[in-house]
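Colleague: Below are the structure tokens for one structure; questions will follow.
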Amino acid sequence: MERTLSIVKPDGVKKNLVGDVVGRFEKNGLSVAALKMIRLSRDEAKGFYIVHKERPFYESLTDFMSEGPIVVMVLEGENAISKVRGIMGATNPKEAAQGTIRADLASDIERNIVHGSDSPESAKYEIGYFFSSLEIVNSGK
Ligand code: CMP
Numbered sequence: 005m006e007r008t009l010s011i012v013k014p015d016g017v018k019k020n021l022v023g024d025v026v027g028r029f030e031k032n033g034l035s036v037a038a039l040k041m042i043r044l045s046r047d048e049a050k051g052f053y054i055v056h057k058e059r060p061f062y063e064s065l066t067d068f069m070s071e072g073p074i075v076v077m078v079l080e081g082e083n084a085i086s087k088v089r090g091i092m093g094a095t096n097p098k099e100a101a102q103g104t105i106r107a108d109l110a111s112d113i114e115r116n117i118v119h120g121s122d123s124p125e126s127a128k129y130e131i132g133y134f135f136s137s138l139e140i141v142n143s144g145k
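Numbered as in our numbering, the sequence shown ends at 145 without a single skipped number.
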């Protein structure tokens, strides 16, 4: 059993895709262990994406991530990290496999609807960024 963090980004919330995204995870055997809607400040978005601080898209990405509400969730299941990444598809929707969230729903490489942790280390950091241990429920599955 593994846990990962996923986010429905501001573009996904704006397009009313929260239920669609969560439904795709649940249909693929993942369970929601925690979930909330929040709005990040620019500094909070910068802290979340600190690993990308040297990238040319850091400013634009953190502007985007703080432009409106997001839904953050902890997902639990076997191989949750790689499973979520498979369901999301490649970062660039133009390269994402058919049937993935980004191929079906995203408009560009930055506004790509959804985020998922890319390793056990980032999952630990990202889950702890948004949730205390008291807010995460063991799904018991
Ligand atoms: P995410 O999986 O949340 O991880 C980092 C995010 O940065 C990524 O999704 C995109 O939203 C954004 N991103 C990655 N590469 C680029 C790029 N080349 N140009 C703009 N944004 C990018």
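Built from N, CA and C at the ideal position, the CB exists for glycine as well.
How close, in whole Å, do the beta carbons of V78 and I140 come, if the pair is a contact with beta carbons under 8 Å?
Modeller: 5 Å between Cβ atoms; contact.
Colleague: When you measure from the CB of E99 to every non-hydrogen atom of the ligand CMP, does any distance come out below 7 Å?
Modeller: E99: no, Cβ never under 7 Å from the ligand CMP.
Colleague: By the three-class DSSP mapping on this structure, what secondary structure does G93 have?
Modeller: Coil, per DSSP.
Colleague: Is I73 near I42, with beta carbons less than 8 Å apart?
Modeller: For the record, residue 73 in the displayed sequence is Pro; it is not Ile. For P73 and I42, yes; Cβs fall inside 8 Å.
Colleague: Near Y133, what residues of its chain come up, given a Cβ to Cβ distance below 6 Å and the 5 sequence neighbours on each side ignored?
Modeller: Closer than 6 Å at the Cβ level, and outside the excluded window around Y133, lie F52.
Colleague: Are there any heavy atoms of the ligand CMP lying less than 7 Å away from the beta-carbon of T8, as far as the coordinates show?
Modeller: Flag unset: Cβ of T8 not near the ligand CMP.
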